[in-house]
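Below is one structure, written out as structure tokens; the observations come after it.
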Amino acid sequence: MTRYIMPQKGEGVTTMDQKVVCQKCGSENLAGLQFCGACGAKLATVAQTKEIVCPACGFQNPPSQHFCGNCGVKLPTPGEAKVQEISCPNCGSKNPADRHFCGVCGASLTAPVQAAKAAEPVALQPVKAAVSAPAHSEVAVRATWGLAWGLFWRIALLWLLFGGIAYLAIYLLMLSNIIPPLQGS
């Protein structure tokens, strides 16, 4: 399996910017090279690896991904049978057969369309993505002081609460003369 290292957000994506990780030694090499510069092993070229096209938005994803990098939809695996699709009776867009509502217009895919709605012609327009594709990069998870600081204050407030309750209980017991008051020396 070939892993791609994509450029950060704002950088242009060209074939020379893509990196291919060697399957044998793990070193990064420029896409388009035939052999690894570190160990000499044959590299998988970009043409050899088939991109997975997202069935929902058409975005081209590297073969190692399980979810679309553009819209987040689960990508089909190579051995997976093609999912049957049904057309929306309202707008005509294709939807997976297991869906109950259209992903484009929200109409019910199981209920019949009203006669007045079906009589209206619908002009199909190409849909533009409202959000650009997110940058593909590895995310480092780091511990923050916010969690520890919040935990510290919760524990401190809990101790103050229990201390106040204990002080109040002792004070009330002293008032009722169950516990004799402290005598000064």
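In this text, residue positions in the sequence shown follow my numbering: the first is 119, and each later residue adds one. Glycine is no exception: its CB is placed at the ideal position from the N, C-alpha and C atoms.
Can you tell me where the alpha helix (DSSP H) holding residue i begins and where it ends?
i    : result
I273 : 263–293
Determine the extent of the beta strand (DSSP E) in which residue i is found, giving its start and end residues.
i    : result
P214 : 212–214
N147 : 146–148
S205 : 203–205
V138 : 137–139
Using only the alpha-carbon positions, how far apart do residue i and residue j sit?
i    : j    : result
S294 : L278 : 24 Å
G210 : K137 : 40 Å
V139 : Q152 : 12 Å
G187 : P214 : 20 Å
P194 : R217 : 16 Å
K212 : F185 : 20 Å
L275 : L290 : 22 Å
S182 : E169 : 9 Å
A149 : Q243 : 36 Å
E203 : G155 : 46 Å
A174 : K192 : 9 Å
I296 : G281 : 20 Å
G264 : Q301 : 47 Å
T228 : F219 : 8 Å
K142 : G158 : 9 Å
S226 : G176 : 24 Å
M292 : P298 : 6 Å
A234 : N208 : Model confidence at A234 stands at a pLDDT of 43, short of 50, so the residue's coordinates are unreliable and nothing is read from them.
Is it the case that the Cβ atoms of residue i and residue j are separated by a distance below 8 Å?
i    : j    : result
C172 : C189 : yes
Please look up how many angstroms separate the CB atoms of residue i and residue j, rounded, as I've assumed it's under 8 Å.
i    : j    : result
L161 : N147 : 6 Å
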